[in-house]
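Peer 1:
In my numbering, the protein residues as written are 307 to 547.
#1: Leaving out five residues on either side along the sequence, give the residues of the same chain with a beta carbon under 6 Å from the beta carbon of residue 389.
#2: Residues in its own chain within less than 7 Å of residue 501 by CB, not counting five upstream and five downstream?
#3: Could you pull the DSSP bridge partners for residue 383 from this structure?
#4: Look at the alpha carbon of residue 358 and the alpha carbon of residue 514, and state the distance between them as a whole number of angstroms.
#5: For residue 334, list the residues DSSP reports as bridge partners.
#6: Should residue 355 and residue 379 be called a contact, given that it needs their Cβ atoms to be closer than 7 Å?
#7: Comparing C-alpha positions only, which one of 319, 321, 348 and 341 sits nearest to residue 332?
#8: Between residue 539 and residue 523, is the Cβ-Cβ spacing less than 7 Å?
#9: Buried or exposed: residue 520, going by 16 or more other Cβ atoms within 10 Å of its Cβ?
#10: What separation, rounded to the nearest whole angstrom, lies between the Cα atoms of residue 473 and residue 542?
#11: Judging by CA-CA distance, which residue of 321, 334, 493 and 544 is the nearest neighbour of residue 399?
#12: Quick one: complete beta strand (DSSP E) runs, 3+ long, within the segment 490-529?
#13: If you draw a straight line from the C-alpha of residue 481 to the C-alpha of residue 547, how long is it?
#14: Can you give the beta carbon distance from residue 288 to residue 424, rounded, assuming they're within the 8 Å contact cut?
#15: Buried or exposed: which applies to residue 360, given that a residue is buried once 16 or more other Cβ atoms fall within 10 Å of its Cβ?
#16: At what residues does the alpha helix (DSSP H) containing residue 415 begin and finish?
#17: My understanding is that residue 320 touches residue 370, with C-beta atoms under 8 Å, so please give their C-beta distance in whole angstroms.
#18: According to the Cβ coordinates, are residue 326 and residue 397 closer than 7 Å?
#19: Mind checking residue 316: buried by the 16 CB within 10 Å criterion, or exposed?
#20: Give the DSSP-derived three-state secondary structure of residue 406 in the structure shown.
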């Protein structure tokens with residue numbers, strides 16, 4: 307598999323890995339807390355570029371907070387590497403970015419893997435305990451406030467630091483009901499039947515909103531089909547090329 311990798315490179319300020327022996331036809335965007343290597347098994351000899359999104363892997367974090375539309379604008383600079391509109395694949399957070407990219411730039415196809423496309427619960431406010439601590443941060447000090455964040459925050463929130471923590475908060479409060487009907491390219495949704503982070507009913511509802519969408523549900527797989535069922539993700543990519 308390693309023999310199929312063409313090069314490690316930096317494109318538009320982002321680290322990337324090129325696969326295949328020809329000009330790339332696929333752009334791959336990983337999930338939160340992950341990096342380009344998640345795509346190795348699915349892409350290996352498909353002409354493609356898998357990026358480390360800003361703030362992940364070897365790519366520097368953004369200088370200021372931005373939503374996934376801002377990430378899409380940053381990734382859009384990479385499209386100069388493609389001779390024609392690419393197939394874009396995104397997993398989880400990367401799928402949010404891929405969706406924004408497909409809504410604003412020419413792409414030939416879209417593969418969305420376990421992406422939180424629709425919010426299934428109201429925007430959650432931080433717990434009362436945390437809000438009180440934050441209100442009195444001048445009395446408690448930053449160390450105690452950080453301990454409160456670790457107590458009340460999600461694993462991703464606890465792991466994030468600096469601007470990336472604020473970017474995560476912005477992203478998880480996004481929803482895409484208005485954007486999904488605007489996707490004009492053929493779209494494939496790939497979901498693990500056992501996904502507990504983004505349940506299958508999210509994919510089913512999203513597929514109803516995308517004009518040209520098909521959902522493939524993978525048995526006995528959770529939130530990471532790229533790792534647990536790469537051959538199925540690969541088949542969906544190849545169908546769009």
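Note that the Cβ used here is the ideal one computed from N, Cα and C, for glycine as well.
Peer 2: Let me lay it out:
#1: 329
#2: Result list for residue 501: 420, 528 and 529, in chain order.
#3: Answer by DSSP bridge pairing: none, since residue 383 is not bridged.
#4: 31 Å
#5: 356 and 395
#6: no
#7: 348
#8: Contact flag unset, no.
#9: Flag for residue 520 reads exposed.
#10: 30 Å
#11: The candidate whose alpha carbon is nearest that of residue 399 is 334.
#12: 493-498 and 519-524
#13: 28 Å
#14: Beyond the ends of the chain as shown, which are 307 and 547, falls residue 288; an answer cannot be given.
#15: With 16 or more other Cβ atoms within 10 Å, it is buried.
#16: Here residue 415 belongs to no alpha helix (DSSP H); instead the beta strand (DSSP E) covers 415-419.
#17: Not really, about 17 Å apart at Cβ, beyond 8 Å.
#18: no
#19: It counts as exposed.
#20: helix
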